[in-house]
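Below you'll find the structure, written out as structure tokens, and then a few comments.
Residue numbers (my numbering): -12 to 104.
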């Protein structure tokens, strides 16, 4: 049997721990944050459109993502009525992307889905 190498080798192939670098952190209320926001398209009628952004909100990202996709493209009054119905548990928010461990509900049939909250 060949001898087992002991720890230091002459060819430089020994493993070294990665160098640790200090992490740079930008303050949360940075003025650069507003400049980094990009929207995919502009509204056809900017006087009747709205844009929203939230920072440091105590909400779950996945629930917010699914709710925003559910009301995307709706008229303002229609979206308000839909969210009121969701709060009163008359309608549900369909979960399309983040649907792991999401229960099924018959209310999701409206969106041709089976999972929703």
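C-beta: ideal position from N, C-alpha, C; glycine also.
Source: prediction; values computed, not measured.
- Leaving aside the five residues that flank residue 28 on each side, none in its chain has a CB nearer than 8 Å to its CB.
- Within its own chain, the residues whose Cβ lies closer than 6 Å to the Cβ of residue 100, once the five positions on either side in sequence are excluded, are 81, listed in chain order.
- Distances from the CA of residue 36 to each of 48, 44 and 60 were compared; the closest alpha carbon is that of 60.
- DSSP places residue 75 outside both helix and strand once states are collapsed to three, so it counts as coil.
- Cβ atoms of residue 78 and residue 94 come within 8 Å of each other, at about 6 Å.
- Counting the other Cβ atoms within 10 Å of the Cβ of residue 42 gives fewer than 16, which makes it exposed.
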